Structures are given as C-alpha cells and as structure tokens.
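**Student:** Questions regarding the structure given below will be posed in turn.
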Amino acid sequence: MNQLIERRALLRAGAIGAAGVGLSSLFPAWAQSGSAGLAPTLPTLSGEDIRLKVAHSPFTVGGRTGHAITMNGVLPAPLIRLREGQNVRIHVENTLDEDTSIHWHGFILPFHMDGVPGISFPGILPKTTFTYEFPIVQNGTYWYHSHSGLQEQVGHYGPIVIDPAEPDPVAYDREHVIVLSDWTFLHPHQLFGKLKKQGGYFNRQKQTLSGLVGGDDDLARNMSLSDRLMWGKMRMDPTDIADVTGSTYTYLINGHGPAENWTGLFRPGERVRLRFINASAMSIFNIRIPGLPMTIVQADGQNVRPVETDEFQISVAETYDAIVTPTEDKAFTLVAESIDRSGMGRATLAPRMGMQAPVPPLRPKPLLGMKDMGMGGMDHGAMGHGSMQHGSTSDMNNGASSEAMAGMSHDMRDKSLVPPDVKVGVGVDMIAPMPVDRTGDRPLGLEEVPHRVLTYHDLAPLTAFHDKRQPTRSVDIHLTGNMERFMWSFDGVKLNEGAEPIRFARNERVRVNLINNSMMSHPIHIHGHFFEVVTGMPHGNPVKHTVNVMPGGKASFDLTADAPGDWAFHCHLLYHMHAGMMNVVKVRPMDDEGEVA
Amino acid sequence: MKRALLLAAVSVLTLASPAWAQQAGHSGAAPDPHAGHVTQPRANTPAPADSCTPEHAAMGHCTLQPMTAAPPTGDPHAGHEMPADRSVDPHAGHSAEPETLPTDPHAGHGQSSAQQPDPHAGHSMSEPQTQDPHAGHAMPGQSSDPHAGHAMPSMSQTQAPPVAPPPPEAFSGPEHAGTTIFDPELFLRKREEELIREHGGYVTWMVLADQLEYRAQEGRDGYKWDIQGWYGGDYDKLWLKSEGEGEFGHSPEQAEVQALYSRALDPWFNLQAGIRHDFRPNSDRTHLVVGIQGLAPYWFEVDGQLFLSNKGDVTARFEAEYDQRITNKLILQPLVEFDLAAQDIPELGIGSGLSSAEIGARLRYEFVPEFAPYVGVEYERSFGDTARFARAAGEDVGGWSFLVGLRSWF
Chain D
1 MNQLIERRAL
11 LRAGAIGAAG
21 VGLSSLFPAW
31 AQSGSAGLAP
41 TLPTLSGEDI
51 RLKVAHSPFT
61 VGGRTGHAIT
71 MNGVLPAPLI
81 RLREGQNVRI
91 HVENTLDEDT
101 SIHWHGFILP
111 FHMDGVPGIS
121 FPGILPKTTF
131 TYEFPIVQNG
141 TYWYHSHSGL
151 QEQVGHYGPI
161 VIDPAEPDPV
171 AYDREHVIVL
181 SDWTFLHPHQ
191 LFGKLKKQGG
201 YFNRQKQTLS
211 GLVGGDDDLA
221 RNMSLSDRLM
231 WGKMRMDPTD
241 IADVTGSTYT
251 YLINGHGPAE
261 NWTGLFRPGE
271 RVRLRFINAS
281 AMSIFNIRIP
291 GLPMTIVQAD
301 GQNVRPVETD
311 EFQISVAETY
321 DAIVTPTEDK
331 AFTLVAESID
341 RSGMGRATLA
351 PRMGMQAPVP
361 PLRPKPLLGM
371 KDMGMGGMDH
381 GAMGHGSMQH
391 GSTSDMNNGA
401 SSEAMAGMSH
411 DMRDKSLVPP
421 DVKVGVGVDM
431 IAPMPVDRTG
441 DRPLGLEEVP
451 HRVLTYHDLA
461 PLTAFHDKRQ
471 PTRSVDIHLT
481 GNMERFMWSF
491 DGVKLNEGAE
501 PIRFARNERV
511 RVNLINNSMM
521 SHPIHIHGHF
531 FEVVTGMPHG
541 NPVKHTVNVM
551 PGGKASFDLT
561 ADAPGDWAFH
571 CHLLYHMHAG
581 MMNVVKVRPM
591 DDEGEVA
Chain Y
1 MKRALLLAAV
11 SVLTLASPAW
21 AQQAGHSGAA
31 PDPHAGHVTQ
41 PRANTPAPAD
51 SCTPEHAAMG
61 HCTLQPMTAA
71 PPTGDPHAGH
81 EMPADRSVDP
91 HAGHSAEPET
101 LPTDPHAGHG
111 QSSAQQPDPH
121 AGHSMSEPQT
131 QDPHAGHAMP
141 GQSSDPHAGH
151 AMPSMSQTQA
161 PPVAPPPPEA
171 FSGPEHAGTT
181 IFDPELFLRK
191 REEELIREHG
201 GYVTWMVLAD
211 QLEYRAQEGR
221 DGYKWDIQGW
231 YGGDYDKLWL
241 KSEGEGEFGH
251 SPEQAEVQAL
261 YSRALDPWFN
271 LQAGIRHDFR
281 PNSDRTHLVV
291 GIQGLAPYWF
301 EVDGQLFLSN
311 KGDVTARFEA
321 EYDQRITNKL
331 ILQPLVEFDL
341 AAQDIPELGI
351 GSGLSSAEIG
361 ARLRYEFVPE
371 FAPYVGVEYE
381 RSFGDTARFA
391 RAAGEDVGGW
401 SFLVGLRSWF
C-alpha cells in the first residue's frame, strides 16, 4: 500500500519533471531520443553518494506495455558517471518482494562489493537497502546489472562511464552511450521453460525441404542433402546460431525499439565517441554504420590502439568504444543486427531530429560449418585441403564438403579427447574433435562480408598490461552443453551439481584455456579481474573482462589472480548461466601473508 | 498519456539540442577540460610528422591513415602473411619497436595512461610500476616485456605452461570468503537459494498432446488421443502417458495410462520404467513397463516399451516419428508404430509375433509451436494370429483413416 502510493507519487513527480525540464520519466535523460550526447547539462548520477531504487515498472516498446524491473523507474537504468580516483557509495534500495543485487561489471573492487548473491554477499533482501562502497581505480566504459534470478532480462541494467584521472588519450568532441539489449514480453521463467522443453523453440529459420528443393533465400547458403544428413546424424542443427531470437525479442538501443529509432545528434565534422555496451541477456550483435567507418579505441573499458573497421561483433557483456567522424550534413543508420539475423536494433545518428538514412535489410542467415563443429584443426593440410586452390578458411568453414565431413565426423563425442575430470554425461552432446584458437577468426556470420571486420587479433593494448610475467601453469576449462535438453556447464558439471571451484593462488599468473566443445558462442566473463586475451600478436594482447569463445574453438587468456576472495566466473548468456554454466573462482590466501611472487 | 509525454519530451529536447550541441562540441567529456584537446602530452613529441602513428592519428592527435581491421578477404588469418597491411604500422618492423618506443609521443603521459588501465592499483601490486616509473620506457621494462620481441608471441603460444593443479596456498583461508564479512548463516542460506539452485537446478513440467484427432474411417468415425506430460529436472522426471481410441457412440476400444520414472541415459535418451494400467478393453490388466524414449540420429523421435502384465503376458511397442519441415511452419510428420506380443492373448484378440502395425503421416501447421492443427492419413493392419482373431470376430484386419486433429503443448 505504502509502496503503491510512493510509486504513484514518483510517477507524478516524473510527469511534472517532464513538463518542467523537458525530460520524460520513461527513459533516463541520456537515453532520450534526440539526445545531443552526454552533455554536462544532462542529469546523470555522479558524485560520492548515489541512490538507486529497484522496483517494478511498466515498460513500453512497439506500442505494447510489459512488466519490467528497473532502477529509478527507467530502462535502461540511469547512467552513472564516475571519475577515476574518487570513492563512491551506492545505496541500492530493493522495493521488490524478491532478492535483488547489482553487479558492477568489469570493476576492480573488493570481492564483497562485487554483487553476486551467494558468492560476494547474501544479496539485497526485499525491502532493504544495501550500500556498496568502493574506490574507483579504473576508467572507461562499463555497465551494471542484476545478478539475481533472471532480472537482467526484464530491464535491470544500465551504463557506467568512468572519466580518467589523467587527460583522456582519446580525443572527441561529443559522446553517446549506446546500450544494446533485448526485450521480450514473455516472462523470463516461461522463456527458459520453453528452451527446456524444446531447445530450438525460438529458431524459426531452420532448414526446410523447400530450401533443399528450391533454395532458401533466408539462409546464407543451401546445404546439399548429404551435408544435411551428416548434421542430422549428429542431431545437430547448423542453423542453431542463437537460442533466443527475434521471434520473441525486440532489440533495443538505449531502450528504444527499431521503429522508435533512437536518434543521437552530432554536428558534421565532429569526432563522436560511441560507447557501445551489450547489456543483452542473450543477443550477440553485428554493429555497423553504413557509410561511416568506425575507429575502435577501447574494448571492455581498456584503451586499445585505434583500429579502423567497418563492422564488429559485440558479444554479450562486452563494451567497445568507437570514434566516428561524420563530415556530411546527413543521417546515418546504426545497425545492430542480431548474430542469427532474426532481427535488428536500429538507431540513427543525425545532425537534426527527424532525419533518417536507409535501413539495410537483414542479411541471409549464416549456417554453422566445420570449424564451428570443432574441426578447425582440419583446415590446414589435413585431408588434402591444404592444397585446395581457393582453400581459404571461410571456404572450408562454410562449404564443408560432405566428403570431408564423412571422414571426420566419426565421433563427435569422443571422451578420450577430454581429461577424465570432464564429465561426459547427459549434459555433453558434443566434444569438439579438433578445436583451434579462433581469436583471429572473423566472427560467426561475418566470414565473407566484403568489408573490414574486427577480430580480437586487431585489438592491441594502448599500454602494455602491468604484469609481464609468463604464466606458470595452465588451466583448461571445457565449455560444454546439450542443446536438446538445454543444459550448459563447464567441464560437463553444472554449478548445482557441485562443480569444483576454480582455485588460484594470490598473485599467481595463470593461463586459462577455454575450449568450446559446443556449437554455440560463449562470452565468458570473470569478475574482479582483467585478463589478457592471448592473441600472440606482436602488438600485444588485448586486456578484457569478457572473451567470446567461438563455436568449436578455443580462446586463452593470461590472468593475474591479484584480487583475493570469491568471484563469479560464467558464460554471460543469461540462460546458459541459469542452466548451470557458472562457477566460482577462489583466490587465496585472503590476507597478505603467504603472498606468492 | 505516456506517449504524449514522450512526444513532448522529445520535442523539447529537439528544440534544445542546438544549444547543447554547441556546448558539447567543445567539452564532450564535460567534467574534463582537457578532453577534446589533449595537447600537453604531445609537447614532448619531437617531430609530429614522424611520430604521427596511426593510433595517435585515430585518437585525434594528428592526421594519418589509421591502421585497418582485417582486410575483406575470406581468410581470417590473412593478416599473418600480409606485410602490406602491417607496413602502415610503424611498429611493425622487427627493430622498429624498440626504436620508436622512446620517441613514442605517449611517453609524456605514459604514467597516466599506463596506470589508468591498471585494474590492480590499490591491491598492493604496484611492484612493477614502482620499479618502472615510465621514465622514457626504461630498458628493464622492455626486456621484461614478453611482447617486445617478435619471437615471444609465438613462444607464448607454442610453449604454453603445463596444465597443473593449483599451488597449496590456493586452498588456504575460509572456504567461502563471504562468511568472513557477512552473517555466515544468512550467507550460506543465500548461497544455496540464490546461487546453487538458480544455476542449473531448474525444475519444470510439460504437457504434450501429440495427437488429439478425429478419424474418418470405414464404418463409424472415431477419435484418438496420445498425450504425455512430465515434471522434473534435467536427469529425473516423472512421466505420464495416456493413449486411447474409440468410435463415436461407443466407449473407448482402448484406453491406457502410464506412470513412469524417467532417467536420462545420455544426451538424447531416457530410460523409463513404471506402471501401465489399461482401462479398455479389459480393465483388469496392469503392466510393468520398461522403455527407452529419445532422439535417435537423423532426428527420429523414438519410443520403445516392453510390458509385463499381471497375467504374465509379455508385449512390446515401438514408435518412431520424424518432423520434416516443408517450411518453418508447415511440417510433415511420418509415423510408424509396431505392436508385438510374445504369446497369444486370445481374450484380447492378440496373437504372438508382430500383432499390428500403423503407418501414417500428419501434415501440421504451426501457427505457433504450441498450437498446430493437422490433417493426415493412417493405415492400420493386424498380422498373423491377431488378424485371424479379428477375422473370427468379424472385424477388418486393416483399413485407412483420414485424420483431422491438433498437436499442442504447454
């Protein structure tokens, strides 16, 4: 009752504010369409004391209103702007009837402020307030979100920008935050239930008989009957690119659906910094601005040597900062195409409101290929393909000949390929026979687009990582799953099955090899640490907090375990995590005594 | 009301934007007065033309063509053998890096930029930093940089450190760090409720009406149902099945219910065991059931069951179906079913061996996956002694049915 009155009062206050200040309460100021960017006149949450209120709110997109869990009544949540070197106290009031939490994604902070219930702290219980308090020791683009249940799916996420203490090496005249996310009117537990009942439920772009007979315009290529049989034999679906798709999702940019066309303003000739944050529950996006090259200057909050590109893929929980310099007095469309091309987020960059540029149609849907099956090791030389005249990897990847597949798919679940502590049971439907490092591969579905595409190999740190030691040991972690039963795990063990925690000695330098034994991409995130993605490139390894591991591939990172305590380690696809693809990293000892190295 | 509000807000914003744009033009990162024009650090730079590296150009310090992402070849590895690509990059040469580093225009603000990304400041890890104050990129820093030489990167890939268990100190201290700070009882309870159960412990249920149909056939038209439902987690489920058929105006010819415990055997198959009770044709029969249900290679849904009745009869049933998508909504589902018996059961009209078989096809249209009406045909026939029993009873041994029905699940 009290709650209701308070909410009404809040709404009224919002309405008055909207009339008076010109800002609707429906979107945070920074996310208003027609934003001039993060101008100083915009109200943002900053300073040493910040208040956030988690509550039920209505959310409207595409003319339909659904139920959301939001912070301070808005979706996405308010922009928090901090400054490196300051301290911050963030008071989070939980008005819900269930527990909530906020995790500060990518933050270096004491473990008990990290915000994961059951790992960092007990959580924020109903009708209580928890105060997070920590120093800000970094800068860049970050975000925050709930780590409780499936709240993240229903709106509990928002952006954070931390200004550097020293002059920013990136020069820009204007900046916009671009928060990408996915919205569904389905209750997230119902959504998860559907995946449990029918793993391919949301995929409405499967291969069909008409595709075999007459060609399928929706698919990037048409498979021969023999290839189809090979996939069928394995009970694998080459169109299984995304578990949850545009059949239920509306892809949002700053909380706006494609039709609502969020518009960010610029003046021709300005250097515009776009801070991309993929705050989706499940959606990996391909980002491009047709006609406008993007210079990537930051990834996961860490400055990188500027690299110009025409398109990049942003996995869930990653952030990329790009500089664009539109010189003409015209509008540009910002396209955020979902990885399976079942839908897109769309926004406009324009000199004035009301201007629009053409929206490119969705491109044909990619199909998984040999490399995605974990047969990447076959690409060079083996099976005589090394001598193929046009033997580029993408040819191999997409044109997997049935003959080659027949020779290789002898056993897609060979238990001898994994160590005995990997549980190859009900939850593991596939073991990649020959996984290879795919950090230099073009992202899934962008193998053959006729323009520049960013890969992890293009990312070079602006300043070298502080710890230059070679790792003293390796840890292999297998990313495992069962598409049919929608089970996901590390090393075949779901968290609820008593997964053994990952243990690091404090200050230990470790190489972690992520081996993707499934045919899905997994953005793997470790809390409280940055790591170097091992690209082996001469310009150095990019420093990140989340690494997308491509299907059937490998990715390694070097980690300095310098943050004592317990930390979450998980796939950032929300429903993969909820299905069990989560573990705890323990860094010991807790006190300074006994410190190694 | 809300839309109106939004519109109002947008229009006000639009009006206001030119003024904001002007302001933002010079101080996009408003709190930082240096943001737009970082000139100070560059004062150290000797010759801008020479040191205008791509990164500085792209970051806005000078103008030069930036380095580019992977060229548009199909080969993601192309960068490895493309010197042309790298030649744009002055750091690319084998000896270039050490030479360029001292004159690196970032040297001036190296301290800031080197420390900023350091996520570990404040964790008493500053040893490397204090030794290397970034004064002109001192030699020790370089020599300890694994990426300085060109042999190192490949080394770091080929000479990966050995897979090894964690050192002993990794096992020291409290098992759950959170218990040292928060109420241990609350923490551990929430660990169970909010962490363990919420990450893999999902339990749900499903009801699938695979066949709910009207059957137009010779003689009197009839009906048939085949429904199953389950409740449980990933490994263990309680499974209920019911099927039956009959002619309109009569009580069902056949009706049964099964209650089974289902245990996942592998990624695709479940072992199922339990009880089947027949209400028709003879309600005094109850069976023990053991079966296997799952997804066979090539996407065949199969279900095989063996029954032992309280009268000692042993029978078996095997079903297989396949979903052939014609389009993503129009699906043809061929189906076969075989019934077998180990002995004659004259009172039920069943003979030993293959007693009867069905072959059919249903064409359904999935308006949504949960709701799919269908039309179909089915041919049913009895064999051997079963056929003999049927003939003796004056019944047909085989016949066609035309079906209209609904497949639905929730």
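Taken in sequence, the protein lines are chains D and Y.
The UniProt record's numbering puts the last residue of the first sequence at 597; the count rises by one with no breaks.
The UniProt record's numbering puts the last residue of the second sequence at 410; the count rises by one with no breaks.
Positions of the beta carbon are idealized from the N, C-alpha and C atoms, including for glycine.
Computed from a prediction, not measured in an experiment: that's the story for all the values here.
Please list, in chain order, all residues of the same chain as Tyr231 (chain Y) whose beta carbon is under 6 Å from its beta carbon, the five residues on each side excluded.
**Tutor:** Mapped onto the second sequence, residue 231 (chain Y) falls at position 231. The residues are Trp205 and Leu238.
**Student:** For Asn203 (chain D) and Gly85 (chain D), what's the separation of their Cα atoms in angstroms?
**Tutor:** As a working mapping, residue 203 (chain D) is identified with position 203 in the first sequence. As a working mapping, residue 85 (chain D) is identified with position 85 in the first sequence. Going from the Cα of Asn203 (chain D) to the Cα of Gly85 (chain D) covers about 47 Å.
**Student:** Keeping to the same chain, check which residues put their C-beta closer than 6 Å to that of Trp409 (chain Y); ignore five residues upstream and five downstream.
**Tutor:** Numbered from 1 along the second sequence, position 409 holds the residue referred to as residue 409 (chain Y). Contacts found: Leu208 and Glu370.
**Student:** Just list the residues that DSSP pairs Val549 (chain D) with in beta bridges.
**Tutor:** Against the first sequence, residue 549 (chain D) aligns to sequence position 549. Note: Val549 (chain D) sits in a beta bridge opposite D:His522.
**Student:** Considering only the beta carbon of each residue, do Asp321 (chain D) and Arg288 (chain D) sit closer than 9 Å?
**Tutor:** For the purposes of this step, residue 321 (chain D) is identified with residue 321 of the first sequence, where counting begins at 1. For the purposes of this step, residue 288 (chain D) is identified with residue 288 of the first sequence, where counting begins at 1. No, Cβ-Cβ distance for Asp321 (chain D) and Arg288 (chain D) is not below 9 Å.
**Student:** Examine the ligand MN and report whether any of its heavy atoms sits within less than 8 Å of the Cβ of Thr472 (chain D).
**Tutor:** Looking for the ligand MN in the displayed structure turns up nothing, as the structure carries no ligands at all.
**Student:** Secondary structure at Trp268 (chain Y), three-state DSSP: helix, strand or coil?
**Tutor:** Taking the first residue of the second sequence as position 1, residue 268 (chain Y) is located at position 268. Trp268 (chain Y): coil per DSSP, three-state reduction.
**Student:** Determine, using beta carbons only, whether Leu573 (chain D) and Glu532 (chain D) come nearer to each other than 9 Å.
**Tutor:** Within the first sequence, numbered from 1, the residue matching residue 573 (chain D) stands at position 573. Within the first sequence, numbered from 1, the residue matching residue 532 (chain D) stands at position 532. Contact: no.
**Student:** Any beta carbon from chain Y within less than 9 Å of Met405 (chain D)'s own beta carbon?
**Tutor:** Sequence index remark: in the first sequence, residue 405 (chain D) carries index 405 (1-based). Because Met405 (chain D) carries a pLDDT of 49, less than 50, the predicted location of this residue cannot be relied on, and no value is offered for it.
**Student:** List the residues of chain D whose Cβ lies closer than 8 Å to the Cβ of Trp299 (chain Y), in chain order.
**Tutor:** Along the second sequence, read from residue 1 onward, the residue named residue 299 (chain Y) stands at position 299. What Trp299 (chain Y) touches in chain D: Gly232 and Arg235.
**Student:** Using a Cβ-Cβ distance cut-off of 9 Å, determine whether Ala505 (chain D) contacts chain Y.
**Tutor:** Within the first sequence, the letter at position 505 stands for residue 505 (chain D). It does: the Cβ of Ala505 (chain D) has a partner Cβ on chain Y nearer than 9 Å.
**Student:** Please list the terminal residues of the continuous alpha helix (DSSP H) segment that includes Pro450 (chain D).
**Tutor:** Working through the first sequence from its first residue, we reach residue 450 (chain D) at position 450. Counting along the chain, Pro450 (chain D) falls outside any alpha helix (DSSP H), and DSSP gives it neither H nor E.
**Student:** For the segment 251-279 of chain Y, list every residue whose C-beta sits within 7 Å of some C-beta in chain D, in sequence order.
**Tutor:** Of all residues in the segment 251-279 of chain Y, Ala264, Asp266, Pro267 and Trp268 have a Cβ within less than 7 Å of some Cβ in chain D.
**Student:** Quick check: what's the CA-CA separation for Phe367 (chain Y) versus Tyr235 (chain Y)?
**Tutor:** On the second sequence, residue 367 (chain Y) is found 367 positions in, with the first residue counted as 1. On the second sequence, residue 235 (chain Y) is found 235 positions in, with the first residue counted as 1. Their Cα atoms are separated by approximately 31 Å.
**Student:** Using the Cα positions of Ile350 (chain Y) and Ala342 (chain Y), report the straight-line distance between them to the nearest angstrom.
**Tutor:** The count along the second sequence starts at 1 and reaches residue 350 (chain Y) at position 350. The count along the second sequence starts at 1 and reaches residue 342 (chain Y) at position 342. Their Cα atoms are separated by approximately 10 Å.
**Student:** Output, in chain order, the set of chain Y residues within a Cβ distance shorter than 9 Å of Ser226 (chain D).
**Tutor:** Looking up residue 226 (chain D) in the first sequence gives position 226. Under the 9 Å cutoff, chain Y gives no residues; its nearest Cβ is about 13 Å from Ser226 (chain D).
**Student:** Within a Cβ cutoff of 6 Å, which residues of the same chain sit near Lys586 (chain D), ignoring the five residues on either side of it in sequence?
**Tutor:** As a working mapping, residue 586 (chain D) is identified with position 586 in the first sequence. Closer than 6 Å at the Cβ level, and outside the excluded window around Lys586 (chain D), lie Pro501, Arg503 and Asp566.
**Student:** Taking the alpha carbon of Asn261 (chain D) as the point to measure from, which residue in D:Val61, D:Thr95, D:Gly301 and D:Thr100 has its own alpha carbon closest?
**Tutor:** As a position in the first sequence, residue 261 (chain D) is number 261, starting the count at 1. Out of D:Val61, D:Thr95, D:Gly301 and D:Thr100, D:Val61 has the C-alpha closest to the C-alpha of Asn261 (chain D).
**Student:** Can you tell me which of the three DSSP states Lys423 (chain D) falls into?
**Tutor:** Sequence index remark: in the first sequence, residue 423 (chain D) carries index 423 (1-based). Note: Lys423 (chain D) maps to coil in three-state DSSP.
**Student:** What are the residues that DSSP puts in a beta bridge with residue 598 (chain D)?
**Tutor:** Given a span of 1 to 597 for chain D in the structure shown, any question on residue 598 (chain D) remains unanswerable.
**Student:** Can the beta-carbon of Ala317 (chain D) be found closer than 9 Å to that of His457 (chain D)?
**Tutor:** As a working note, residue 317 (chain D) is residue 317 in the first sequence. As a working note, residue 457 (chain D) is residue 457 in the first sequence. Their beta carbons are not under 9 Å apart, which means Ala317 (chain D) does not touch His457 (chain D) by this criterion.
**Student:** In angstroms with no decimal places, state the Cα-to-Cα distance between Met430 (chain D) and Pro443 (chain D).
**Tutor:** Locating residue 430 (chain D) in the first sequence gives position 430, where the first residue counts as 1. Locating residue 443 (chain D) in the first sequence gives position 443, where the first residue counts as 1. Spanning the two alpha carbons is a distance of roughly 21 Å.
**Student:** Just to confirm, is the Cβ distance from Asp243 (chain D) to His525 (chain D) under 9 Å?
**Tutor:** On the first sequence, position 243 is the one that residue 243 (chain D) refers to. On the first sequence, position 525 is the one that residue 525 (chain D) refers to. No. Outside cutoff.
**Student:** What separation, rounded to the nearest whole angstrom, lies between the Cα atoms of Arg407 (chain Y) and Ala320 (chain Y)?
**Tutor:** Taking the first residue of the second sequence as position 1, residue 407 (chain Y) is located at position 407. Taking the first residue of the second sequence as position 1, residue 320 (chain Y) is located at position 320. Between Arg407 (chain Y) and Ala320 (chain Y), the C-alpha separation is close to 16 Å.
**Student:** Reducing DSSP to helix, strand and coil, say where Met71 (chain D) ends up.
**Tutor:** Along the first sequence, read from residue 1 onward, the residue named residue 71 (chain D) stands at position 71. Strand.
**Student:** Which residues, in order along the segment 202-215 of chain Y, keep a beta-carbon less than 9 Å from a beta-carbon of chain D?
**Tutor:** Under the 9 Å Cβ criterion, the segment 202-215 of chain Y contributes Tyr202, Thr204, Trp205, Met206 and Leu208.
**Student:** For the UniProt domain "Plastocyanin-like" (59-165) of chain D, which segments carrying the alpha helix (DSSP H) assignment without a break, of at least 4 residues, lie completely within its bounds, in sequence order?
**Tutor:** Complete alpha helix (DSSP H) runs here, min 4: none at all.
**Student:** Checking contacts by CB at 9 Å: is Gly381 (chain D) closer than that to chain Y?
**Tutor:** The residue given as residue 381 (chain D) occupies position 381 in the first sequence. Summary for Gly381 (chain D): the model assigns pLDDT 38, below 50, so the residue's position carries little reliability; its value from the coordinates is reported in the next sentence. Answer no: the Cβ-Cβ gap between Gly381 (chain D) and chain Y never drops below 9 Å.
**Student:** Can you list, in chain order, the residues of its chain whose CB lies under 7 Å from that of Gly399 (chain Y), leaving out five sequence neighbours each side?
**Tutor:** Translated into positions along the second sequence, residue 399 (chain Y) becomes position 399. Gln217, Glu218 and Glu380, listed in sequence order.
**Student:** Drop a sphere of 10 angstroms on the beta-carbon of Thr327 (chain D), count the other beta-carbons inside from all chains shown, and report buried for 16 or more, exposed for fewer.
**Tutor:** Taking the first sequence and counting its residues from 1, the one referred to as residue 327 (chain D) is at position 327. Per the 10 Å Cβ criterion, exposed.
**Student:** Met405 (chain D) to Met230 (chain D), Cα distance in whole Å?
**Tutor:** To locate residue 405 (chain D), count along the first sequence from 1; it is residue 405. To locate residue 230 (chain D), count along the first sequence from 1; it is residue 230. Caution applies to Met405 (chain D), whose pLDDT of 49 falls short of 50 and renders its modelled position unreliable; the value that the coordinates give is listed next. The alpha-carbon atoms of Met405 (chain D) and Met230 (chain D) are separated by roughly 7 Å.
**Student:** In the DSSP assignment, find the unbroken alpha helix (DSSP H) run with Val213 (chain D) in it and report its ends.
**Tutor:** Taking the first residue of the first sequence as 1, we reach residue 213 (chain D) at position 213. Where Val213 (chain D) is concerned, the enclosing alpha helix (DSSP H) stretches over Leu209 to Gly214.
**Student:** Out of Y:Arg364, Y:Tyr374, Y:Phe171 and Y:Phe383, which one is the CA nearest neighbour of Glu358 (chain Y)?
**Tutor:** In the second sequence, counting from the first residue as 1, residue 358 (chain Y) sits at position 358. Among Y:Arg364, Y:Tyr374, Y:Phe171 and Y:Phe383, the Cα nearest to that of Glu358 (chain Y) is on Y:Phe383.
**Student:** Just to confirm the assignment: which complete beta strand (DSSP E) runs, minimum length 3, are found wholly within the segment 143-227 of chain Y?
**Tutor:** 204-217, all fully within the segment 143-227 of chain Y.
**Student:** Can you tell me which of the three DSSP states Met223 (chain D) falls into?
**Tutor:** Walking along the first sequence from the start, residue 223 (chain D) turns up at place 223. DSSP places Met223 (chain D) in coil when its eight states are reduced to three.
**Student:** Keeping to the same chain, check which residues put their C-beta closer than 6 Å to that of Gln302 (chain D); ignore five residues upstream and five downstream.
**Tutor:** Position 302 of the first sequence, counted from the first residue, corresponds to residue 302 (chain D). Result list for Gln302 (chain D): Val543, in chain order.
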